[in-house]
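Participant:
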Amino acid sequence: MRTYRIAPSILSADFARLGEEVRAVIDAGADVVHFDVMDNHYVPNLTIGPLVCEAIRPHTTAPIDVHLMVKPVDRIVPDFAKAGANIISFHPEASEHIDRTVQLIKDHGCKAGLVFNPATPLHYLDHVLDKLDLVLIMSVNPGFGGQKFIGEALKKLRAVRQRIDAVTRETGREIWLEVDGGVKTENIAEIARAGADTFVAGSAIFGSGDYRATVAAMRAALAAA
Ligand code: DX5
Ligand code: ZN
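Heads up, our numbering is the position in the sequence shown plus 1, with the first residue counted as 1.
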């Protein structure tokens with residue numbers, strides 16, 4: 002039986018009450034805080050940076066999962082590590098030297114993840130998968146919450162699941178397989194069956210009136226998956 006993690010994306014939280022929102026959602030049974038960083042350059046939106054990460058850090062002991070949608074990547078990595086990030090993920094198209102960026106993240110004491118846009122090929126995993134702690138498959142084009150799940154992501158999840166399992170069999174390394182975009186109570190079981198173990202959900206959780214009920218419904222769907 003796989004361990005499943007629910008990672009609410011605070012992009013859909015009430016930014017005026019962010020600390021409270023983080024506490025509420027973890028209190029409601031979620032596992033990981035997903036933190037979307039957008040730069041109005043790599044993606045067409047502008048969100049939050051290390052200052053905000055630092056500000057929410059005292060509000061939870063749950064891992065903060067920083068999803069960098071910024072270009073360049075390396076300059077900002079140490080800032081997020083200092084701000085209390087636990088996991089830092091980046092897009093291969095945004096880094097000139099992918100292996101170097103992975104190493105930089107680890108050198109700063111964080112877990113490293115690589116993120117695949119809907120049209121980004123998986124070949125970027127070829128020489129680096131065994132160094133990663135997390136692979137993140139985007140099921141929407143990055144930039145905004147509340148978009149519709151792109152079904153092609155299921156195929157990609159199946160392919161990455163096989164590759165991760167092969168690495169784990171060979172080396173014993175644990176690598177999380179995360180999915181991000183359009184995840185809802187209604188489709189989470191199907192996504193789990195495709196191989197994901199960590200589920201980002203922004204609008205589905207923060208847009209619901211009752212975080213606890215939504216997280217519980219997602220867990221129930223996962224248990225039945
Ligand atoms: C999109 C972000 C997502 C987003 C997900 O670029 O990376 O994390 O917040 O939002 P939902 O769950 O609403 O699709
Ligand atoms: Zn994200």
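For glycine and all other residues, C-beta sits at the position ideal for the given N, C-alpha and C.
Are three or more beta carbon pairs between the stretch 144 to 158 and the stretch 99 to 114 nearer than 8 Å?
Facilitator: No, the stretch 144 to 158 does not touch the stretch 99 to 114.
Participant: Any chance the CB of residue 60 is under 6 Å from a heavy atom of the ligand DX5?
Facilitator: Result no, Cβ not under 6 Å from the ligand DX5.
Participant: Quick check: the Cα distance between residue 203 and residue 109, rounded to an integer number of angstroms?
Facilitator: Answer to the nearest angstrom: the Cα atoms are 27 Å apart.
Participant: Along the alpha helix (DSSP H) that carries residue 219, what are the first and last residues, could you check?
Facilitator: Segment 212 to 224, the alpha helix (DSSP H) holding residue 219.
Participant: Under a Cβ-count criterion, where at least 16 other Cβ atoms within 10 Å of its own Cβ denotes burial, should residue 157 be classed as buried or exposed?
Facilitator: Residue 157 comes out buried.
Participant: Taking the straight line between their C-alpha atoms, what separation do you get for residue 122 and residue 181?
Facilitator: Rounded to the nearest angstrom, the two C-alpha atoms are 16 Å apart.
Participant: Residues in its own chain within less than 6 Å of residue 207 by CB, not counting five upstream and five downstream?
Facilitator: Taken in chain order, the residues that qualify are 13 and 14.
Participant: Based on the DSSP secondary-structure assignment, which residues constitute the bridge partners of residue 117?
Facilitator: Answer by DSSP bridge pairing, in chain order: 138.
Participant: To which residues of the same chain is residue 128 closer than 8 Å at the C-beta, ignoring the five residues directly before and after it?
Facilitator: If we look at residue 128 and ignore the five residues flanking it on each side, its Cβ neighbours are 100.
Participant: Give me the Cβ distance between residue 37 and residue 48, rounded to the nearest whole Å; I'm assuming they're in contact under 8 Å.
Facilitator: Between residue 48 and residue 37 the Cβ distance is about 6 Å, and since that is below 8 Å, they are a contact.
Participant: Would residue 179 and residue 199 qualify as a contact pair, given that the criterion is a beta-carbon distance under 7 Å?
Facilitator: Yes, Cβ-Cβ distance for residue 179 and residue 199 is below 7 Å.
Participant: So within the stretch 12 to 66, which uninterrupted alpha helix (DSSP H) runs reach at least 4 residues, ignoring any that extend past its ends?
Facilitator: Segments of the alpha helix (DSSP H) lying fully in the stretch 12 to 66: 19 to 28 and 51 to 57.
Participant: Could you tell me whether any Cβ in chain B is nearer than 7 Å to the Cβ of residue 35?
Facilitator: The structure shown has no chain B; it contains just one protein chain.
Participant: Identify, in the order they occur along the chain, each residue of the same chain with its Cβ nearer than 8 Å to the Cβ of residue 40, setting aside the five sequence neighbours on each side.
Facilitator: Same-chain partners within the cutoff: 47, 70, 71 and 72.
Participant: Any chance the CB of residue 12 is under 6 Å from a heavy atom of the ligand DX5?
Facilitator: Yes, the Cβ of residue 12 comes within 6 Å of a heavy atom of the ligand DX5.
Participant: DSSP three-state call for residue 9: helix, strand or coil?
Facilitator: Of the three classes helix, strand and coil, the one that applies to residue 9 here is strand, per DSSP.
Participant: Helix, strand or coil for residue 202, going by three-state DSSP, please let me know.
Facilitator: Residue 202: strand per DSSP, three-state reduction.
Participant: Which same chain residues, not among the five before or five after residue 205, have their C-beta less than 7 Å away from its C-beta?
Facilitator: Taken in chain order, the residues that qualify are 184, 185, 186 and 215.
Participant: Is the stretch 111 to 122 close to the stretch 137 to 144, with three or more CB pairs under 8 Å?
Facilitator: Counting Cβ pairs under 8 Å, three or more are found: they touch.
Participant: Could you please give the first and the last residue of the uninterrupted beta strand (DSSP E) stretch that includes residue 180?
Facilitator: Where residue 180 is concerned, the enclosing beta strand (DSSP E) stretches over 177 to 181.
Participant: Between the C-alpha atoms of residue 218 and residue 224, what's the straight-line distance to the nearest angstrom?
Facilitator: Looking at the two C-alpha atoms, the distance is approximately 10 Å.
Participant: Using alpha carbons as the reference points, say which of 226, 62 and 125 lies closest to residue 26.
Facilitator: Cα-wise, what sits closest to residue 26 is 62.
Participant: Just tell me which of 81, 197, 55 and 135 has its CA closest to the CA of residue 2.
Facilitator: Among 81, 197, 55 and 135, the Cα nearest to that of residue 2 is on 197.
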